[in-house]
Every structure is written in structure tokens, then in C-alpha cells.
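These notes are about the structure you will find just below.
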Amino acid sequence: MNKERHVLVVFPHPDDEAFGVSGTIATHVKNGTPVTYACLTLGEMGRNMGNPPFTNRENLPKIRREELKEAARVLGIQDLRMLGYRDKTVEFEDEEKLANRILEIINEVNPSLIITFYPGYAVHPDHDATGAAVIRAVGKMAPDARPTLHCVAFSNNCVEELGEADIINNIGNVVETKLAAIRAHRSQTELMFKDMSEKIKNQDPQVMARVYNERFWTYKW
Amino acid sequence: MEVVEIQKVQEVINSFANKDVYIHLETTNGAYASHFNQSFFSAGAYIRNALVRYELGKITGNGPYRVGLKINLGWIYAEGITHYEIDEQGRLLLAGHDYDGKLAVALEISATPFE
Chain A
1305 MNKERHVLVV FPHPDDEAFG VSGTIATHVK NGTPVTYACL TLGEMGRNMG NPPFTNRENL
1365 PKIRREELKE AARVLGIQDL RMLGYRDKTV EFEDEEKLAN RILEIINEVN PSLIITFYPG
1425 YAVHPDHDAT GAAVIRAVGK MAPDARPTLH CVAFSNNCVE ELGEADIINN IGNVVETKLA
1485 AIRAHRSQTE LMFKDMSEKI KNQDPQVMAR VYNERFWTYK W
Chain B
339 MEVVEIQKVQ EVINSFANKD VYIHLETTNG AYASHFNQSF FSAGAYIRNA LVRYELGKIT
399 GNGPYRVGLK INLGWIYAEG ITHYEIDEQG RLLLAGHDYD GKLAVALEIS ATPFE
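Going down the list, the protein sequences come from chains A and B.
Here my numbering = 1-based position in the first sequence + 1304.
Here my numbering = 1-based position in the second sequence + 338.
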């Protein structure tokens, strides 16, 4: 993993960072690189409410805000920004305004690397809209001033259309931190986590590969 | 949230009748439904802080329940309601959880706007 000046992570939902990129984040933090995480929403529309339900529609965002802070703490992220958009509405926002908001953060923290979703290949409309806004923002910068963009893609057609990921980070050194970050988002990940930790214990090859290797596609202009 | 007690919910619905109230109504399959199952047709709807007045509101069915509100010139309704809560602000929060506990539908009534 290259040593970066500053890493900016931009995702729409608390927990988007956990599965796919938290090992990469933890590694950068360990290397002494400052990491800013800009999270657009509080996951207000999350559907996992437990059975019997542990919360209601109105209190879920409060729970998820605390979980997000805890995940950031576990990963060692010093600069967590909650941008105050609402879950599932990102794609309906004014695209220019959203891109400018992100550009302000880029100009402020001056990252050498930005991690976000690959627009069109990230399944959830908020993911695609967030990735598109980041790329629109970076696109406003002079080509030689642009930070590197590492995009997360997982749609069914992503490998077919984008080719294989060109960046694969093995995060074995920080796997415990990664699992703790996933666990921090308890309201969304508890059920999945139980199943996953069991599979890791049994060295299930598919889960091991997924947890240990974080894949990114470098955005090509 | 508690499992719906039909009489209690009906009383609260009645208490909001003929007043200005704010409505939150949503239904969803989750954003990943068609990702995991491509033959699944995903649909949902959402409205937050609709300001209405209803003359009549009713909860019916044998559970999961249906709730209908007759508003000036129209209707609001939700199907699949299983749970309710009257929160610390006196708002009526109704929710329908599917067999995995996932929120499938929500209908909420409040005298003040939702956050």
C-alpha cells in the first residue's frame, strides 16, 4: 500500500466503510497517514430493526450516529464528518451543489488518495450518486492536481465491464481492527457478523478472501 | 416498539383526528433486493412531513393490520402494520416488520414536524 499524504473516504452510509475498506483505512492510520471520513447520511432508512424490534424509525439515526463514531474511534479516524444528507435521497440532490460541497472538503484536506464508490457499479442509488459526486468534484480540478481515486464496485456486472480490480490490499495485519469496525455498526451488522465470524473461525475460503482482500478500481479519466 | 394492541392504537388515531398532523409514510424492499435476486421487482414509496388533517382514521384486520386515514379530498393508508409505539413526544409510530424483522412499512403521525 502506498504511503499517502492524506486519505479522504467518501461514502453515503454509516457501515459502508466497514466491509470493503476498513482494513485499508486502519492500515493508513497505522502508517501515520491522516484519514478524513465524510459520511453523507446517517442511514435513516436502514431496515434491520431486530426481531423483536430494538428501535423505531425515528431513533434509528441516533443509534447509527453513535455506531459510526465508534467505528471511527476503532479505526483511529480523527476527522469524521457527517454531512447531514438523508438516506436514499442523495441521487435527488442538486448534483452541482453536492459536488461543490465535496470539492470544498478536498480543497481543505488536500488528500493524495480518495476512496469512494464506482458510479454505476455500486448497486445502491446512494452509492452511485456519491461516487458520481466525488468524480464530478475531482473533475473540476486541474488534471495534474487531482488525487488518485480508488473506487469500490460490487455490482453483478462490475468485473465484466470494468475488468478485474487493479488494487488489492491484503489487510491481514489489521483484521481484528476490521472486525471490530464491522461489529461497531451493530444495528446493521450483528446478524451477518455472527455468521461471518463462524466462517472465519472455520477458515471458509470465500469469506476469508472477501475479508482479507479489499479491492479497488482506480478511476480512469 | 410493541406488538400492536388494536384498541390502544385506535384511541391514539382518534386523538389526532380533525387536527393538523404531520405524516411519515414509507414502504421499501431494501436497495439490495434486485441485486440478490434479479427477478425481484423492487419498488418503494416515501413521504415525510406531509401536513394533513383527517376526519376519520381506522386500524383494521387481524394482524398484520391495515391503517387508513380519510383526509380532506383523499386517503392515506398502510398495510402490514405489526408494531406500534407512542414515543416521548406523543407521536404515534406504526411499523410493519417482515418475517426477518426488517422494516417493510412505516406510518407515523405527529402534531409537530419530524426531524
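All residues carry an ideal CB built from backbone N, CA and C; glycine is no exception.
With DSSP collapsed to three states, give me the class of residue i.
i: A/Ile1381; result: coil
i: A/Met1305; result: coil
i: A/Phe1520; result: strand
i: B/Arg429; result: coil
i: B/Lys346; result: helix
i: A/Ile1472; result: strand
i: A/His1332; result: helix
i: A/Ala1403; result: helix
i: A/Arg1527; result: With chain A represented from 1305 up to 1525, any question about residue 1527 of chain A goes unanswered, as that position is not in the structure.
i: A/Thr1420; result: strand
i: A/Glu1370; result: helix
i: A/His1431; result: helix
i: A/Arg1450; result: coil
i: B/Ser380; result: coil
i: B/Asn400; result: coil
i: A/Ser1459; result: coil
i: A/Phe1497; result: helix
Under 7 Å Cβ-Cβ, which residues of chain B neighbour residue i?
i: A/Arg1369; result: None at all; the shortest Cβ gap to chain B is about 12 Å.
Any C-beta of chain B sitting closer than 9 Å to the C-beta of residue i?
i: A/Val1339; result: no
i: A/His1310; result: no
i: A/Ser1459; result: yes
i: A/Pro1357; result: yes
For residue i, return the contacting residues in chain B, with the cut-off set at a CB-CB distance below 9 Å.
i: A/Gly1354; result: His435 and Gly439
i: A/His1428; result: Ala369, Tyr370 and His373
Against residue i, what residues of chain A qualify as contacts under a CB-to-CB distance less than 8 Å, listed in chain order?
i: B/Gly368; result: Arg1351
i: B/Phe452; result: Glu1362
Give the interface partners of residue i over in chain A, defined as CB-CB distance under 9 Å, in chain order.
i: B/Ala425; result: Reading the sequence as shown, one finds Asp at residue 425 of chain B and not Ala. Residues of chain A passing the Cβ test: Asn1360, Glu1362 and Asn1363.
i: B/Ala444; result: Asn1360 and Arg1361
By the criterion of Cβ-Cβ separation under 7 Å, what are the contact partners of residue i in chain A?
i: B/Leu431; result: Asn1360, Arg1361 and Glu1362
i: B/Phe354; result: Per Cβ cutoff of 7 Å: no residues; B/Phe354 is ~16 Å from chain A at best.
Do we get a CB-CB distance below 9 Å when we pair residue i with the residues of chain A?
i: B/Glu343; result: no
i: B/Tyr415; result: no
i: B/Tyr384; result: yes
i: B/Gln376; result: yes
i: B/Glu393; result: no
i: B/Glu349; result: no
Since residue i and residue j should fall inside the 8 Å C-beta cutoff, what is the C-beta to C-beta distance between them, to a whole number of angstroms?
i: B/Gly434; j: B/Ile419; result: 5 Å
i: A/Leu1387; j: A/Arg1405; result: 7 Å
i: A/Gln1507; j: A/Gly1350; result: Not really, about 31 Å apart at Cβ, beyond 8 Å.
i: B/Tyr422; j: B/Glu340; result: 6 Å
i: B/Tyr392; j: B/Ala355; result: 6 Å
i: A/Ala1426; j: A/Val1456; result: 7 Å
i: A/Phe1315; j: A/Thr1420; result: 7 Å
i: A/Leu1402; j: A/Ala1437; result: 4 Å
i: A/Ala1322; j: A/Ala1375; result: 6 Å
i: B/Ala444; j: A/Arg1361; result: 5 Å
i: B/Ile397; j: B/Val359; result: The pair is not a contact, with the Cβ atoms about 16 Å apart (cut-off 8 Å).
i: B/Ile447; j: B/Ile344; result: At roughly 16 Å, the Cβ-Cβ gap does not stay under 8 Å, so B/Ile447 and B/Ile344 are not in contact.
i: A/Ala1364; j: A/Pro1318; result: Correcting the residue type first, residue 1364 of chain A is Leu in the shown sequence and not Ala. Going by Cβ atoms, the distance from A/Leu1364 to A/Pro1318 rounds to 11 Å, so no, they are not a contact pair.
i: A/Ile1475; j: A/Tyr1422; result: No, A/Ile1475 and A/Tyr1422 are not in contact; Cβ-Cβ is about 19 Å, not under 8 Å.
Is residue i a contact residue of the ligand ADP, with contact defined as CB to any heavy atom under 8 Å?
i: A/Phe1315; result: As presented, the structure is devoid of all ligands, the ligand ADP included, so that no description of it is given.
* Name the residues in the segment 1380-1394 of chain A whose C-beta lies less than 9 Å from a C-beta of chain B; which are they? -> Residues Arg1390, Lys1392 and Thr1393.
* Asked: Which of the residues in the segment 1318-1347 of chain A, read from start to end, lie with their CB under 7 Å from any CB of chain B?
  -> Residues: none.
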